[in-house]
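Chains as they are written, first to last, in this note's numbering: chain A, 415 to 755; chain B, 409 to 574. By construction, the Cβ of each residue, glycine as well, lies at the ideal position given by its N, Cα and C atoms. Here's the structure we're looking at; comments come further down.
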Amino acid sequence: MSLILGLETSCDETSAAVVADGRAVLSNIISSQIDLHRKFGGVVPEIASRKHIENVLPVIDCALKEAGASLGDIDAVGVTYGPGLVGALLVGVAAAKALAFAGGKKLIGVNHLEGHVFANFLAHQDLEPPLVALIVSGGHTSLVHLESYADFTLLGQTRDDAAGEAFDKVARVLGLPYPGGPHIDRLAAGGDPEAIAFPRALSGEGYEFSFSGLKSAVLNFINSARQRGETVDAAEVAASFQAAVVEVLVAKTIQAARDAGVDTVAMAGGVAANSGLRTALSRACAGNGIQLCYPPPVLCTDNAAMIACRAYYQYRGGDWAGLTLNAVPALKFGEKRYAVE
Amino acid sequence: MTSFLTRTADGTFQFGHTLGKKLAAGDVLCLTGDLGAGKTLLVQGAAAGLGVTETVTSPTFTLMQVYETGRLPVYHFDLYRLDAPMDLHNIGFEEYMGGDGVALIEWADKFPAAMPEHCLWVEINRGRETTERVIMLRPKGERYRRLGEELKESADSGAGYCHAGV
C-alpha cells in the first residue's frame, strides 16, 4: 500500500490529507472547516499575516493523526506548486520539501488544476481515463481530455471571466450574499429560463468560453430596468442567466466528449455543485450514451485529498520532483515546470 | 486629469493596447469602475500591447495572475474579493510594486491608501450608449503625467479612442 501526504496552499485554504493507493481518503483537513483556535490553543486571527504559515503545520499534524499515520508511514509528499499566489504556494512547497528531505520521502509537484480533475477518482472508485473533464469554478473554466493518468490535452478555456465569477457578480447586482452561486441556483429553480434572451457567447465555435459579455448583458438589463423604475424579477434574471451559462457549458462539453471519442465526462470545481448544470449535463450525457460523474461538494472546493490523489499517479509513474521544486504562479494545465529527480 | 472616449469594447481594448506599449518596468496602473465597466478588457489590451501572448483572464477569484510572455512581466491584481488592507499583505502585494514588471490593479479604489505614491489612476465610466466608455486618467507623479500626454497625442489617429477633454 502507498500512502501519500498531500498539501494544498494555493489560494484561500490551507489543507493537508492522507490518501491510500490514490483512492482511499484517510483524512482531508481543510483549515476553514476546523476550529484551529480551539484545537491548538494558539491565537489564529481571522486575517493573520501569511495565515498559511500559521496553519500549515497544525493542519499536517491533524491530517496524519486522523489517518492514524506517522510521517514514517508516508511514501511520498505531494504538494501544489501552481497555479496560485506565489506567497501562498511557497508555504506548502517549503513545508513539503522539508518533510520530504527530513523523512527521506519522494517529493511530488502537483498542478492544482489537474488535482481538481483527479478529485473524481476519489469519488468514483472504478473511474478510469480516458475521459473529458469540465473544470468550472470561480477562477477557471476549462475543457480537458485525459487520455491516461499522465497524458492530458487542454481543449479550451475561458477568454475572460470564469463561469463561477459571472455567477458571483450577477448575484451581487441582484443583492444576494457572497458567495452568490448557490443563491442564483436556488432562485433560478423558481424562474422562467426563457424569460430573457441573454447571449450565448462563442456557441458552436470550438471549446473556448467567454462569460464577460453575458455578465455585462445581465448588468445592462438590470440597470436599464431600474432606470425605467421597473422592478426586476430576480428569479427570471437568475433563471435566464443560469440557462445561458449552462447551455454553453453543456453543448461544448458534449461536443468535446464526442470529438475525443470518450464515453465518460467528469466535472470538477465549485460550479460542479450547481444543480441546474448537473441536471442539464446529466440529461445531455444520458442522451448521448455518456457516463457523467462529479465529486461531492467537499472535494469540489480546494482540498489536499485531490492533490494527494494526483500525486499518487505521478509517484507510481516515477514522476518525482527534485528538492529544487519551486512555486510556479502561472502554471498551465498539463504543464510541468520542475526538474525530475 | 485627462479623459478619453471609446465607442466600443474594441476601442477600450485598443486604448489599453496603446497604453501597454508605453509602459515601463515599475509602472503601476490603478483601475476603477463598476462591474462590467471594462477593467479586465483594458488590462487584456495593455497585456497585448506589452506583447503577452497568453490568454489574460479575470483574476477576481485567483486574486493575482502573472504573465511572463511579454516584453515585461505583467502582475494582474483584482482586489474585489479582499476585505481589509491587511489582505494585501497576505497576497504579497507590496513585493510586486515598482519592481521588474508592471502592476495592473483592478478595484484599486477599495484600498486607495495602500496604493503606491506614484501611479496612474484609470477610471472607466459608462457613456451615453451601451458600449460607450469614458476613461479618466489621474496621474500621480511626473512619469504618469507624461504617459497621459503621450496617449493624448496618439488619440484619434486610428487608435480606436478619442481625447474627450481635460
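Excluding five sequence positions before and after Ala-537 of chain A, the CB atoms of its chain that fall closer than 8 Å to its own CB belong to Cys-707, Tyr-708, Pro-709, Pro-710, Leu-713, given in chain order. The beta-carbon separation of Leu-490 of chain B and Leu-633 of chain A, rounded to 21 Å, does not stay under the 8 Å limit for a contact. By the Cβ criterion, the segment 431-442 of chain A is not in contact with the segment 462-479 of chain B, since fewer than three pairs of Cβ atoms, one from each stretch, lie closer than 8 Å. The segment 573-591 of chain A makes no contact with the segment 728-743 of chain A, as fewer than three CB pairs between them are under 8 Å.
Listed in chain order, the non-local C-beta contacts of Ala-445 of chain B below 6 Å within the same chain comprise Ile-532, local neighbours out to five positions each way being set aside. Under the Cβ criterion (8 Å, minimum of three pairs), the segment 531-551 of chain A counts as touching the segment 717-731 of chain A. Among the residues of chain A, those whose CB is under 8 Å from the CB of Met-472 of chain B are Leu-499, Pro-743, following chain order. Below the 7 Å Cβ cutoff, chain B contributes Ser-466, Thr-468, Phe-469 as neighbours of Glu-579 of chain A, in chain order.
Within the DSSP bridge table, the entry for Lys-666 of chain A names no partner. Per DSSP, the beta bridge partners of Arg-541 of chain B are B:Thr-414, B:Arg-534. Between Asp-486 of chain B and Glu-514 of chain B, the beta carbon gap of about 4 Å places them in contact (Cβ cut-off 8 Å).
In terms of CA proximity to His-530 of chain A, A:Ile-721 leads the group A:Lys-746, A:Gly-748, A:Ile-721, A:Arg-751.
When 8 Å is used as the limit between beta carbons, Glu-476 of chain B is near these residues of chain A: Ala-744, in chain order.
By the criterion of at least three beta-carbon pairs nearer than 8 Å, the segment 645-663 of chain A is in contact with the segment 595-604 of chain A. Asp-564 of chain B sits in coil when the DSSP states are folded into three classes, being neither helix nor strand. Less than 8 Å divides the Cβ of Val-460 of chain B from the Cβ of Tyr-475 of chain B. The beta carbon of Ala-658 of chain A sits closer than 6 Å to those of Phe-612, Arg-614, Leu-628, all from its chain and outside the five residues before and after it, given in chain order. Taken through DSSP and simplified to helix, strand or coil, Pro-547 of chain B comes out as strand.
Linking Gly-436 of chain A to Pro-543 of chain A through their CA atoms gives a straight-line distance of about 14 Å.
Under DSSP, Val-474 of chain B takes part in a beta bridge, and its partners are B:Tyr-483.
For Gly-496 of chain A, DSSP records a beta bridge to A:Asn-525.
The C-beta of Gly-553 of chain A comes closer than 8 Å to at least one C-beta of chain B. Excluding residues up to 5 positions away in sequence, Val-491, Leu-521 lie with their Cβ nearer than 6 Å to the Cβ of Ala-514 of chain A in the same chain.
With respect to Gly-506 of chain A, Thr-423 of chain A sits close: the two C-beta atoms are nearer than 8 Å. A Cβ-Cβ distance of about 5 Å is found for the pair Gly-731 of chain A and Ala-564 of chain A, placing them in contact under the 8 Å criterion.
Contact between the segment 422-438 of chain B and the segment 523-532 of chain B is present, with at least three C-beta pairs closer than 8 Å.
Per DSSP, reduced to three states, the secondary structure at Lys-518 of chain B is helical. Not one beta carbon of chain B lies nearer than 8 Å to the beta carbon of Ser-441 of chain A. Per the C-alpha coordinates, the member of B:Thr-470, B:Lys-429, B:Phe-421 positioned closest to Thr-448 of chain B is B:Phe-421. The way I'd put it, the segment 413-429 of chain B does touch the segment 554-573 of chain B; three or more beta-carbon pairs between them come closer than 8 Å.
With distances taken between CA atoms, Lys-750 of chain A lies nearest to A:Tyr-495 out of A:Ala-680, A:Tyr-495, A:Met-415, A:Ser-624.
Taking C-beta separations shorter than 6 Å and ignoring five residues to either side along the sequence, the partners of Met-681 of chain A in its chain run Leu-548, Tyr-708, following chain order. Using a CB distance cut-off of 8 Å, Cys-699 of chain A does not count as an interface residue toward chain B. Residues of the same chain with a CB within less than 6 Å of the CB of Gly-748 of chain A, apart from the 5 flanking positions on each side, are Phe-566, Leu-568 in chain order. For Asn-469 of chain A, the enclosing alpha helix (DSSP H) stretches over residues 465-481.
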